[in-house]
Amino acid sequence: MSSKYQEYNQLNLPQIEKDILQQWELHQAFEKSVEVRDGATPFVFYEGPPSANGLPGIHHVISRTLKDLVCRYKTMQGFQVKRKGGWDTHGLPVELGVEKMLGITKEDIGKKISIAEYNDTCRKEVLKYKDKWDELTQKMGYWVDLKDPYITFDNSYIESLWWALQTLYKKGFLYKSVSIQPYSPAAGTGLSSAELNMPGTYKDVKDTTVVAMFKAQQAANSQFLFDAAGNDEVYFLAWTTTPWTLPSNLGLTVGGNIEYVLVKTFNQYTHLPVNVIMAKVLMPKYFKAEGENADFDAYKEGDKVIPWQILTSFKGKDLENIRYEQLLPFAQPEEGDPFRVIVGDFVTTEDGTGIVHTAPAFGADDNRVGKKYGLGILTLVDKQGKFTDNVGEFSGRYVKNYKDDPNYKDVDVDIAVKLKKENRAFKVEKYEHTYPHCWRTDKPVLYYPLDAWFIKTTAVKDRMIELNKTINWKPAFTGTGRFGNWLENMVDWNLSRSRYWGTPLPIWRTEDGTEEKCIGSIEELNGEIRKANEVLGGDVNKSYLHEGILDLHKPYVDDIILVSDSGKPMRREPDLVDVWFDSGAMPFAQQHYPFENKEAVDGRQAFPADFIAEGVDQTRGWFYTLHALGVMLFDSVAYKTVVSNGLVLDANGMKMSKRLGNVVNPFETIAQYGADATRWYLITNASPWDSLKFDVKGVGEAQRKLFGTLYNTYNFFAMYANLDNFTFKEAYIPLEERPEIDRWIISVLNSLVKDATAYFDDYEPTQAGRAVERFVDEHLSNWYVRLCRRRFWKGDYEHDKISAYQTLYECLEKVIQLMAPVSPFFTDWMFNNLNKVTGRSSAASIHHTNFPEVQSEAIDPDLEERMQLAQDISSLVLSLRKKVNIKVRQPLQKILIPIADAHMQEQIAKVADLIKSEVNVKGIDYLTETEGFIKKKIKPNFKSLGAKMGARMKAVAAAITAFTDADIAALERDGHYTLTVDGEQVQIQLSDVEIISEDIPGWTVANKGALTVALDITITPQLQDEGNARELVNRIQKIRKDSGFELTDRIDVKVAAVDSLKSAIINYNDYICTEILADSLDVVAALQEGTEVEVNDLKFNVLVNKKS
RNA sequence: AGAUCCGUAGCUCAGCCUGGUUAGAGCACUACACUGAUAAUGUAGGGGUCAGCAGUUCAAAUCUGCUCGGGUCUACCA
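Here my numbering is used: the first residue of the first sequence is -2, the next is one more, and so on.
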């Protein structure tokens, strides 16, 4: 233990942090913070794994600060919080990075470079920036276990994923199907949504669009149309921007509640009379108003205005299942019941005709609704992007110019021409819209049916929605809004990715697809490997027979051939699984469950998480996959509380991106301002879920304001505590034996502890931090310390002084504990500085201590109220002094305060001494209404009055405002008053108005709310003397300080005082001497030596000599 | 295009859920004061069509609808 508190010359946060980091490492502070809670209730936290193939940015600092502070807080609350770090290592971004680095494309893999080599490169590259990440983790003070992280490419991790996949498989949740995915014929590959969202992929293109005419078939369910049309032909109109999909059309989708009309008119190309069906609200797009009910017989070719007439109208659902003739009958689907009108919820009347041409092969919506109605599927375009051989005259033609053919003819145009000729086109025009393009080839993407494996999440949709309601979402609207909607509209989870670096799907199939096996562990696979070799013989799986499989990645798993129950060879389904499966499975995969740690997960010790936090962009990513797997595998939520933090924008509100070059480098910010100030700024500036405009100036402000103030307060304490040898060795002085102001700050401190605890418990660190800021600045520094300064440097080391030290010490001790979760370095530094001397805590670090508990008995609302009164009154008096230009150093006789009730007077009386010394007046006079000369003002209380008066409110308010002094007096006397409004009598109560003492005629007054203060500004000669004495004290103190004297040095003083000061020096000689620690103070006639000073515009010399 | 969040002083944010009549704070700016915490502090001042429009209401920054601007997610769909 040290006997002196360390004093400092300057606050250097970055240096403090370096020192503390060293100590943490030396003493294994993090490990110990977990150890000290051995046996305590676990608080389960999951670290969302970052991908280390990109550099960390400032936005990573905010989510990690959030995670860290919750974990530190819960540790201080007595929970054991294990934090296993992790790395997300698979996936497309890794692969794209490697391809870029090697200068290859996907097609080159397996040709120019072996899959084994490629994957080895990925494995190395993915942890490229691990060192940088580790450095950030350390420097920002994020406590997470980096020594034993989970890594998603580890065999043990993948084995857990396989267990999960097999479990889902056994439950019947894993199936193979066709899905419509973005596909680039030019590149010959499917595209991920990430690739589709790369900048520049969406381009404006001009396409030929067609409103095609689908001829309805006459039948019982369509008879109402034909009745209206006089048994003429009836056509459905459907618009498409991709006419090349028309040969694959299998359905027409309408909106169930949309109103449609049957219209009699002419085809503008063939001039034949037709009857067409479309949505009513879209008619103006196709029909001119003046054509309505025009003369049909008079119409002739070339007329600008085409006559039309509505024959009947009906709802979309009336059209359901009406059949129509195939538009371009080149080929028919092998199965299904096509060419029907169906109902879908995605139909809008924004554009087109309100009837959607539906080709299940080329649109996700189309496919979904097609499946629902069993339309079948017809794919007349091959993977090169050209029509198949069975599309008549269009066979073999590319649907878009994928080969850069200079003679390419737009097939859409030819289809439009054909339809025009056949009286099957109602309108053909160019249309400009945005369309996605392949980022690598710049060619249009098309949506194409590809084989894929799915997880049937829709089977547990209701359960997922139900369990989601038990999750504590911060902010709540993310859970009900964004996430809730997402669940409501959920589709099955497409697991398949045709890539190389990822978790392989552990499914082996016979060639005909009739038999398959889903493998759930390494052991099972090795058994199957040997079995296949025995049954199939030869070289099958030869290289895997001895040691079994060593790496669960491609290409090794693809070498393995298994055998089906009927003895047929089975090969692995070539897909990898979506990386989101990797991260969604981390709760159990990080534990290598169920092969290890089975009890921890099954016994709900390590599952589900009590808390997770990530960026709001993870809502449909990690948050979703965690939830889906939690529900499907364990019928449980995966996390009880989730905080989604917003984005970090730059100072101008722009998203930070490498492209714009506005990324804030976290290392620089931390180096300059320190991690504590950075963390504090990030947490307190905006709620975590609001997007944050990051401005380094704000970090500087946090540094100056909060940390600077605390540091000053500490230094102040240390300076005097060292002089007095205060080490908290005396017994704790009971609160009731401490002065008012001590009990007040302890009361406020405990209120703060109460509030901060509630905020932290509610995952509102922003509110907690702001409350702490208010306390440190307004209450502790600018009121308590300022008012108590004299107590620390005046007088003997006895009861009052010890009380002050104990009080200030306790405030510092507890406030840094409240701050410790957010700003771990500075608080630990101060904790050590304090604790080294006092040894109050046996903990080696603030992070091993228990969070302060509220002492409710210390909270005194009355006390807090009257101190607020004292602050307000002081503030008013100071403003009055300013108004009449009288310095605070000049004592004044008294202030007058009108008193509303006895309680108020009692309250003020208790803090009268504080007020008097703060504003330098001799006394306080309380005025009650009996004095009679206070001018009062009355204001209606709208809230209570409004409820009673309703519409008469305005008149009542006017009447009250017009009250005379007599009216007010009457109301105060009787407690009620009857007034007449619009001829009606209404009674108002005292509680319906607010009466304040506004003015005391003849006095200088100031108001704040209901509080009024008047100041007596008469300066008597005696007051003048006292003021001058204080001026002199001030000047001599300055000389002492400038001369570098110690606080305790005694002095002799000679003053060549001018006449006007003499009486002050004589009358207040003792006072002055005590203040300046002088043994003698003499007035001399003239003085050559000494320092020139000025008081009230008079200059004279003062000589100060230190006694040896 | 849909969903959702955001828009209050030059800047960063409270207040909105639960409507109440002079809309607050900090920073920055200006002036004055204070000073044994001093790169701190106090007082005063300027600075706002609470994004816009409409509605509900005696009363709207606050509730409702629409519009505009910004962000995010989902989709790109006829």
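A virtual CB, placed ideally from N, CA and C, is assigned to each residue, including glycine.
Residue span of the alpha helix (DSSP H) that contains residue i, given as start and end
| i | result |
| --- | --- |
| Ser60 | 55 to 73 |
| Gln803 | 796 to 816 |
| Ala668 | 663 to 670 |
| Glu426 | Per DSSP, Glu426 belongs to no alpha helix (DSSP H); it is in the beta strand (DSSP E), 422 to 433. |
| Phe221 | 220 to 225 |
| His354 | Taken as a continuous stretch (DSSP letters only), His354 belongs to no alpha helix (DSSP H), being part of the beta strand (DSSP E) at 352 to 355. |
| Tyr708 | 706 to 721 |
| Gln602 | First-last for Gln602: undefined, no H or E at that position. |
Own chain residues within Cβ distance below 8 Å of residue i, not counting five before or after
| i | result |
| --- | --- |
| Asp922 | Lys891, Ile892, Leu893, Ile894 |
| Ser1077 | Asp1049, Val1050, Cys1070 |
| Leu837 | At residue 837 the sequence reads Arg, which differs from the Leu that was named. Around Arg837: Phe725, Glu810, Leu831. |
| Val387 | Here the sequence assigns Asn to residue 387, which means Val is not the residue at that position. Answer for Asn387: Phe327, Ala328, Leu377, listed in chain order. |
Unbroken beta strand (DSSP E) run spanning residue i, endpoints
| i | result |
| --- | --- |
| Met901 | Here Met901 belongs to no beta strand (DSSP E); instead the alpha helix (DSSP H) covers 899 to 907. |
| Asn832 | Segment 821 to 835 is the alpha helix (DSSP H) holding Asn832; no beta strand (DSSP E) there. |
| His973 | 973 to 978 |
| Gln984 | 981 to 986 |
Spatially closest choice to residue i from the options, by CA coordinates
| i | options | result |
| --- | --- | --- |
| Asn152 | Trp677, Phe585, Leu549, Pro663 | Leu549 |
| Gly534 | Leu484, Leu324, Lys565 | Lys565 |
| Met745 | Leu324, Val613, Phe772 | At residue 745 the sequence reads Val, which differs from the Met that was named. The option with the nearest alpha carbon to Val745 is Phe772. |
| Ser988 | Ile935, Val916, Lys919, Tyr553 | Ile935 |
| Gly524 | Glu512, His543, Glu508, Thr511 | His543 |
| Lys751 | Ile856, Val1002, Thr309, Ala967 | Ile856 |
| His268 | Leu877, Trp305, Pro663 | Trp305 |
| Pro937 | Ala952, Gln615, Gly393 | Ala952 |
| Thr250 | Asp224, Asp401, Asn364, Ser800 | Asn364 |
Residues near residue i by beta carbon distance below 6 Å, same chain, minus five either side
| i | result |
| --- | --- |
| Asp607 | Phe40, Val41, Lys637 |
| Ala1007 | Ile993 |
| Gln700 | Tyr670, Ala674 |
| Gly252 | Gly313, Val344 |
| Pro818 | Leu66, Arg69, Tyr70 |
| Thr824 | Ile813, Met816, Ala817, Ile843 |
| Leu968 | Tyr974 |
Local Cβ density within 10 Å of residue i, reported as buried at 16 or more and exposed below that
| i | result |
| --- | --- |
| Asp971 | exposed |
| Thr710 | buried |
| Asp439 | exposed |
| Val302 | exposed |
| Glu44 | buried |
| Ala668 | exposed |
| Thr38 | exposed |
| Asp409 | buried |
| Ser748 | buried |
| Asp898 | exposed |
| Ile1063 | exposed |
| Gly169 | exposed |
| Asp1022 | buried |
| Glu761 | buried |
| Leu547 | exposed |
| Lys64 | buried |
| Arg786 | exposed |
Anticipated Cβ contact below 8 Å, residue i with residue j, distance rounded
| i | j | result |
| --- | --- | --- |
| Lys605 | Val634 | Here residue 605 turns out to be Pro, not Lys, going by the sequence shown. Rounded, the Cβ-Cβ distance is 5 Å, consistent with contact. |
| Ser174 | Phe474 | 34 Å between Cβ atoms; not a contact. |
| His434 | Lys97 | In fact, because the Cβ distance is near 19 Å, the residues do not count as touching under 8 Å. |
| His918 | Pro888 | Note that residue 918 is Val in the sequence shown, not His. At roughly 7 Å, the Cβ-Cβ gap stays under 8 Å, so Val918 and Pro888 are in contact. |
| Leu877 | Ala956 | About 34 Å separates the two Cβ atoms, so there is no contact after all. |
| Trp741 | Met864 | 5 Å |
Cβ shell of residue i (< 7 Å), same chain only, five flanking positions each side left out
| i | result |
| --- | --- |
| Glu317 | Val338, Ile339, Val340 |
| Gly766 | Trp677, Ile680, Thr681, Val819 |
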